[in-house]
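Below: one structure, written as structure tokens.
Number of protein chains: 2
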Amino acid sequence: MIRTVPALKENSVKDNNDMPGHLARRFQQIAVAVFLAEVGDAGFDLTPVQYAALATIKANPGLDQVTLAGLIAYDRTTITGVIDRLVQKGLIERRASPRDRRARELEITDEGRRALRKITPAVEAAQRIMLRGLSAKEGEELMRLLRKAIAAGNELSRAPLRE
Amino acid sequence: MIRTVPALKENSVKDNNDMPGHLARRFQQIAVAVFLAEVGDAGFDLTPVQYAALATIKANPGLDQVTLAGLIAYDRTTITGVIDRLVQKGLIERRASPRDRRARELEITDEGRRALRKITPAVEAAQRIMLRGLSAKEGEELMRLLRKAIAAGNELSRAPLRE
DNA sequence: CGATATTGCTCAGTATGCTGACTATCAGTA
DNA sequence: TACTGATAGTCAGCATACTGAGCAATATCG
Numbered sequence: 062m063i064r065t066v067p068a069l070k071e072n073s074v075k076d077n078n079d080m081p082g083h084l085a086r087r088f089q090q091i092a093v094a095v096f097l098a099e100v101g102d103a104g105f106d107l108t109p110v111q112y113a114a115l116a117t118i119k120a121n122p123g124l125d126q127v128t129l130a131g132l133i134a135y136d137r138t139t140i141t142g143v144i145d146r147l148v149q150k151g152l153i154e155r156r157a158s159p160r161d162r163r164a165r166e167l168e169i170t171d172e173g174r175r176a177l178r179k180i181t182p183a184v185e186a187a188q189r190i191m192l193r194g195l196s197a198k199e200g201e202e203l204m205r206l207l208r209k210a211i212a213a214g215n216e217l218s219r220a221p222l223r224e
Numbered sequence: 062m063i064r065t066v067p068a069l070k071e072n073s074v075k076d077n078n079d080m081p082g083h084l085a086r087r088f089q090q091i092a093v094a095v096f097l098a099e100v101g102d103a104g105f106d107l108t109p110v111q112y113a114a115l116a117t118i119k120a121n122p123g124l125d126q127v128t129l130a131g132l133i134a135y136d137r138t139t140i141t142g143v144i145d146r147l148v149q150k151g152l153i154e155r156r157a158s159p160r161d162r163r164a165r166e167l168e169i170t171d172e173g174r175r176a177l178r179k180i181t182p183a184v185e186a187a188q189r190i191m192l193r194g195l196s197a198k199e200g201e202e203l204m205r206l207l208r209k210a211i212a213a214g215n216e217l218s219r220a221p222l223r224e
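Sequence order for the protein chains is S and Y. Take the first sequence: its letters are residues 62 to 224, numbered as in the numbering used here. Take the second sequence: its letters are residues 62 to 224, numbered as in the numbering used here.
In structure tokens form, the structure reads like this:
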């Protein structure tokens, strides 16, 4: 820190804190950090998207990658790498679909099931920690407003949610 | 889409939509897409972090990279690359500080100033669009709750806000 | 003053996330 | 059946973001 720099202006055109986009990024940044810390402390090396993919594959055995991507709102090009790493870790299996030779069927392994079970408490703790500044009522309201804003903007990103 | 996949279970352990972390990522995903679309339509090729850095450099001439990183809550290792690209585009200048030879002083160029001026309406439009599902009152409430949650979690990420 | 700790910055490595392009395959239709 | 369009997946390229390490320079303290 350079001590002799002039005092910061307080009247920027628009304060960062007034920008929904900035707040969105900050909240997400904290959410990811908390997730990785909690899951790491529990002894696992899983990222948020890897967890989401694993849980969704468990709940929908045999689904293909595009469907998976739609269910968790990730781009299919991103999912390719995520799946690679989950396979690498032995948590899922990827095999050609007998019905559609373009598609790959995804299946959770026993090890994946075990990891998911052990990791869930850490994931839930992370969700609480990232809302720790809010009352229960405020946390609910934040989630309601986020869901509403997201629903209205669903089609605006390349990877909309597909149910 | 494989048509013969079994119907999706509705009773996952925890629906994605109930996870604050998932909602945070989705909202941020939409926010970035909207930002890039609006700014791109205005004829500019600037990312959200590049815009934030540019605006902050303009408001605080001569600041160093670590201070900049703290003001917009980015990791200093990320800022290095962002600054590289802003310099590359001719929007800012980076020069050695005469007071601290470790530090680099950042200054906006005339071209950077012009770009910032022309781009601001698009940035403001983007902020409105990402909240388009909410009433004005709800948008305010969402921002208040985000600010509150972020303040409580500020120190939980590697790149906390430093004012 | 000199040893030590701290700070500013960069880099290598990894993982998201995106755009755009491409291949292989499937589906619908003339 | 042959043609055309759509779809599943991958890839190259780029830009965040992070961890951890390292270098150079500054600050601190005995």
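Glycine residues also receive a C-beta, built at the ideal position from the N, C-alpha and C atoms. None of these values were measured; they are calculated from a predicted model.
Taking the alpha-carbon positions, what's the Y/Lys198 to Y/Met204 distance? Between Y/Lys198 and Y/Met204, the C-alpha separation is close to 10 Å.
Anything in chain Y within Cβ reach of S/Ile133, meaning under 7 Å, just list it in chain order. Asn77
Could you spell out the range, first to last residue, of the alpha helix (DSSP H) harbouring Y/Ala103? Unbroken run through Y/Ala103: none, as it is neither H nor E.
Using DSSP's beta-bridge definition, name the partner residues of S/Ile153. Per DSSP, S/Ile169.
Output the distance between the C-alpha atoms of S/Gln90 and Y/Leu217, rounded to the nearest integer angstrom. For S/Gln90 and Y/Leu217, the distance between alpha carbons rounds to 9 Å.
Check whether the Cβ atoms of S/Arg137 and S/Val127 sit closer than 9 Å, and answer yes or no. yes
CB-CB under 6 Å to Y/Arg64, same chain, minus the five flanking residues each way: which ones, in chain order? With a pLDDT of 32 at Y/Arg64, under the threshold of 50, the predicted position of this residue should be treated as unreliable, though the coordinate-derived value follows. So the list is empty, once near-sequence residues are dropped.
Considering just the uninterrupted stretch of the alpha helix (DSSP H) at S/Gly123, what are its terminal residues? No alpha helix (DSSP H) holds S/Gly123; DSSP gives it neither H nor E.
Between the Cα of Y/Leu129 and the Cα atoms of Y/Asn78, Y/Ala164 and Y/His83, which residue gives the shortest distance? It is Y/Ala164.
9 Å Cβ cut-off: residues of chain Y touching S/Asp212: First, the amino acid is wrong: residue 212 of chain S is Ala here, not Asp. Neighbours of S/Ala212 on chain Y, chain order: Gly194.
How is S/Tyr135 classed by DSSP in three states: helix, strand or coil? In the structure shown, S/Tyr135 sits in coil (DSSP, three-state: anything other than H, G, I, E or B).
Between the C-alpha atoms of S/Ala220 and Y/Leu207, what's the straight-line distance to the nearest angstrom? Spanning the two alpha carbons is a distance of roughly 24 Å.
Can a CB atom of chain Y be found closer than 9 Å to the CB of S/Arg208? yes
Is S/Glu185 helix, strand or coil by DSSP? helix
Any chain S beta carbon closer than 9 Å to Y/Arg87: yes
Along the alpha helix (DSSP H) that carries Y/Asp200, what are the first and last residues, could you check? Just to set this straight, residue 200 of chain Y is Gly in the shown sequence, not Asp. Note, Y/Gly200: alpha helix (DSSP H), Ala197 to Gly214.
Along chain S, in chain order, which residues have C-beta atoms closer than 9 Å to that of Y/Val95? Gly82, Gly214, Leu217 and Ser218
Return the chain-ordered list of same chain residues with a C-beta closer than 6 Å to the C-beta of S/Phe96, the five sequence neighbours on each side being excluded. Pro109 and Ala187
With DSSP run on the structure shown, which of helix, strand or coil describes S/Gly142? helix
Would a C-beta distance cut-off of 9 Å place Y/Ile169 and Y/Leu107 closer than the cut-off? No, these two residues do not count as a Cβ contact at 9 Å.
Contact list for S/Glu154 against chain Y, beta-carbon separation under 9 Å: Going along chain Y, no residue has its Cβ under 9 Å from S/Glu154, so there is no contact; the nearest lies around 16 Å.
Check whether the segment 115 to 125 of chain S touches the segment 117 to 126 of chain Y, taking contact to mean three or more Cβ pairs, one atom from each stretch, closer than 8 Å. no
Assigned secondary structure, Y/Gly194 (DSSP; H/G/I helix, E/B strand, else coil): coil
Buried or exposed for Y/Glu172, please, with buried defined as at least 16 other CB atoms from any protein chain shown within 10 angstroms of its CB. exposed
Quick one: which chain S residues come within Cβ less than 7 Å of Y/Ala187? Gly82
Distance between beta carbons of Y/Ala92 and S/Ala85, contact taken as under 8 Å: 4 Å
For S/Leu222, name the three-state secondary structure that DSSP assigns. coil
Going by C-alpha to C-alpha distance, which of Y/Leu222, Y/Ala114, Y/Glu99 and Y/Arg223 sits closest to Y/Ile153? Y/Ala114
What in chain S is Cβ-close to Y/Ile91, meaning under 7 Å? Ile211, Gly214, Leu217 and Ser218
Is Y/Arg86 helix, strand or coil when you go by DSSP? helix
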